[in-house]
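Quick notes on the structure that follows.
Protein chains in written order, with my numbering: chain A, 1 to 252; chain B, 1001 to 1282.
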């Protein structure tokens, strides 16, 4: 049983959450990773959703970050104001998990437009809570698929700030630690002390040259470069049971 | 105007009635325009969108909104979620703006010049982002229940409904059911809006479908997915609006058309809360 690219990312992202207590979860792969982490490496993990849920125990993998299954059995629901102001801005989120259409070497994330803002080639959803998650979580884990179109020399729009703006502006002093890990189908990236992305580990079977072929800039390498173990059968079957729950929950 | 309800309790009943009445030139505010504004934009109701996340959650794009943007027929004013929340908070509290720790190093302030900065008078050099108050002429929310005096109760996700309502000149609450005032008074903690701030209450069971009402009906995820190909094709979308909005009289007609099987499939099993004792004091 070999893992799909999505499953590789979910397994790697879940492993990053070992020992974490509070995670701000977005929908999609981060959500699957957080649920998997709570069932495996982080039993005390509190899933916190921007819709206003704290301590969710979802009985199914929801389509939306607002879902009745996130509310039933949760420890708390609160207004979005209270969640963003007191939990996120108040410094109570250890890890924020984000996705993006584009990332650059400084971890700036674009989820707004491809092309110019006023006349985009592709209009993406925009920030949602991502801009404030990127600035206020103690650290940020990015989960996204990697290609020369997504790993770019310069993002078309900075929706969620990384370690420095493309124009050189530094990250503000009050902000949280920013992007700390980027997980793709090829490997895991960390950031050096100057805030530049570095390849830290490759998934099992991925070649070093695959990374260059899927990047818009020459990515630094951390030495020694690690190789991640392929997800074990238990992890894979846990991931499958998540997606099975999703299918069951979906009315035909 | 604003139709608020963050994924939960989105008043599609109100959106559809606005389409039926042929309203246009509206400025529509909402954190997540969702399918309700995609439908209203497709029907020509909107001049401008004020928003923070533009998509079909878990599915993809709002294609009618995207076409309107690409055609140049829709003005956009874009924030982040916390920025939109703060706009309603300031509007509700009669303040000119709301300060928040966001936007530093983001391109959003360049895209939207209404996002500004103020220097902290207490800590030199500590600049804080500010967003302007938002005071809708009308805010429409959906809720589980209200009484005849307009006291509105909600449980589950409360999103920004209270702030968006308190910021508005007029407030319309669409509810699943009308209950006796005694039901409200037995549990005052659950009241989202007291009747004194509510202009009108409309009773429309299933008025939030295909979004959900906690404890009443599930989110119709299949509908959200099915919307994607409809919204992609202007011809299909127009036919859908004719069939499901313009071609029926009211929400009761929509629910009848939805059919008892769909309605039954969305009903959750009971999971009642425990009750608390407020005490009787003499």
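For glycine and all other residues, C-beta sits at the position ideal for the given N, C-alpha and C.
Helix, strand or coil for residue i, going by three-state DSSP, please let me know.
i: residue 1114 (chain B); result: coil
i: residue 247 (chain A); result: Residue confidence is low: residue 247 (chain A) scores 39 on pLDDT, short of 50, so the model does not pin down where it sits. Its coordinate-derived value is still stated next. Three-state DSSP puts residue 247 (chain A) in a helix.
i: residue 258 (chain A); result: Residue 258 (chain A) is absent from the model: chain A starts at 1 and stops at 252.
i: residue 49 (chain A); result: strand
i: residue 160 (chain A); result: strand
i: residue 1006 (chain B); result: coil
i: residue 1177 (chain B); result: strand
i: residue 1200 (chain B); result: strand
i: residue 1039 (chain B); result: helix
i: residue 1024 (chain B); result: coil
i: residue 1142 (chain B); result: strand
i: residue 173 (chain A); result: coil
i: residue 1069 (chain B); result: helix
i: residue 1254 (chain B); result: helix
i: residue 231 (chain A); result: coil
i: residue 155 (chain A); result: coil
i: residue 1150 (chain B); result: coil
i: residue 122 (chain A); result: strand
i: residue 252 (chain A); result: Only weak support exists for where residue 252 (chain A) lies, its pLDDT of 28 falling under 50; the value from the coordinates is given anyway. Residue 252 (chain A) falls in the coil class under three-state DSSP.
i: residue 182 (chain A); result: strand
i: residue 224 (chain A); result: strand
i: residue 1108 (chain B); result: helix
i: residue 60 (chain A); result: coil
i: residue 86 (chain A); result: helix
Following the continuous beta strand (DSSP E) through residue i, name the residue where it begins and the one where it ends.
i: residue 203 (chain A); result: 197 to 203
i: residue 96 (chain A); result: 95 to 98
i: residue 1129 (chain B); result: 1127 to 1132
i: residue 1046 (chain B); result: 1046 to 1051
i: residue 23 (chain A); result: 22 to 25
i: residue 1192 (chain B); result: 1191 to 1193
Just to confirm my understanding: we take residue i, look at its own chain, exclude 5 residues before and 5 after, and list those with CB closer than 6 Å. What are they?
i: residue 106 (chain A); result: 162, 163, 164 and 195
i: residue 1106 (chain B); result: none
i: residue 31 (chain A); result: 25
i: residue 1070 (chain B); result: none
i: residue 1204 (chain B); result: 1013, 1174 and 1251
i: residue 1024 (chain B); result: 1044 and 1045
i: residue 202 (chain A); result: 187 and 227
i: residue 249 (chain A); result: Bear in mind that a pLDDT of 36 at residue 249 (chain A), under 50, signals an unreliable position, so the number given afterwards is only what the model happens to contain. The answer, listed in chain order, is 60.
i: residue 134 (chain A); result: 140, 160 and 161
First and last residue of the alpha helix (DSSP H) that includes residue i?
i: residue 987 (chain B); result: The question about residue 987 (chain B) has no answer, for chain B in this structure spans 1001 to 1282.
i: residue 1081 (chain B); result: 1081 to 1092
i: residue 1224 (chain B); result: 1221 to 1232
i: residue 30 (chain A); result: 29 to 39
i: residue 1016 (chain B); result: 1012 to 1020
i: residue 1162 (chain B); result: 1161 to 1166
i: residue 134 (chain A); result: 130 to 136
i: residue 1077 (chain B); result: Here residue 1077 (chain B) belongs to no alpha helix (DSSP H); instead the beta strand (DSSP E) covers 1075 to 1078.
Once the 5 residues before and after residue i are set aside, which same chain residues still bring their CB inside 7 Å of it?
i: residue 1095 (chain B); result: 1133
i: residue 1223 (chain B); result: 1210
i: residue 117 (chain A); result: 157
Inspect the beta-carbon positions of residue i and residue j and report whether they are closer than 9 Å.
i: residue 253 (chain A); j: residue 128 (chain A); result: The structure shown does not extend to residue 253 (chain A), since chain A is modelled only from 1 through 252, so no value can be given for it.
i: residue 1055 (chain B); j: residue 125 (chain A); result: yes
i: residue 1115 (chain B); j: residue 1147 (chain B); result: no
i: residue 52 (chain A); j: residue 1083 (chain B); result: no
i: residue 63 (chain A); j: residue 35 (chain A); result: no
i: residue 1108 (chain B); j: residue 1152 (chain B); result: no
i: residue 253 (chain A); j: residue 33 (chain A); result: Residue numbering for chain A in the displayed model covers 1 to 252; residue 253 (chain A) lies beyond these limits and cannot be assessed.
i: residue 1104 (chain B); j: residue 171 (chain A); result: yes
i: residue 37 (chain A); j: residue 20 (chain A); result: yes
i: residue 1050 (chain B); j: residue 1066 (chain B); result: no
i: residue 1131 (chain B); j: residue 1166 (chain B); result: no
i: residue 71 (chain A); j: residue 1161 (chain B); result: no
i: residue 1187 (chain B); j: residue 1278 (chain B); result: yes
i: residue 230 (chain A); j: residue 40 (chain A); result: no
i: residue 1085 (chain B); j: residue 78 (chain A); result: no
i: residue 1226 (chain B); j: residue 1138 (chain B); result: no
Closer than 9 Å, CB to CB, is residue i near chain E or not?
i: residue 217 (chain A); result: Among the protein chains of the structure shown, namely A and B, there is no chain E.
So residue i and residue j are supposed to be a Cβ contact under 8 Å. How far apart are they, rounded?
i: residue 1202 (chain B); j: residue 1172 (chain B); result: 7 Å
i: residue 1237 (chain B); j: residue 1042 (chain B); result: 5 Å
i: residue 58 (chain A); j: residue 1219 (chain B); result: Not quite, the Cβ-Cβ distance comes to about 13 Å (not below 8 Å), so this is no contact.
i: residue 1076 (chain B); j: residue 1033 (chain B); result: No, residue 1076 (chain B) and residue 1033 (chain B) are not in contact; Cβ-Cβ is about 10 Å, not under 8 Å.
i: residue 1010 (chain B); j: residue 1039 (chain B); result: Not confirmed; about 11 Å, so no contact.
i: residue 102 (chain A); j: residue 152 (chain A); result: 5 Å
i: residue 1098 (chain B); j: residue 1090 (chain B); result: 4 Å
i: residue 45 (chain A); j: residue 17 (chain A); result: 6 Å
i: residue 48 (chain A); j: residue 23 (chain A); result: 7 Å
Take residue i and list the residues in its own chain whose beta-carbon comes closer than 8 Å to its own, dropping the five residues that flank it on each side.
i: residue 180 (chain A); result: 139, 140, 141, 190 and 191
i: residue 220 (chain A); result: 192, 196, 197, 198 and 199
i: residue 245 (chain A); result: The pLDDT assigned to residue 245 (chain A) is 47, lower than 50, so where the model puts this residue is not dependable; a value taken from the coordinates is nonetheless given after this. Once the five neighbours on either side are set aside, the close Cβ partners of residue 245 (chain A) are 59, 60 and 61.
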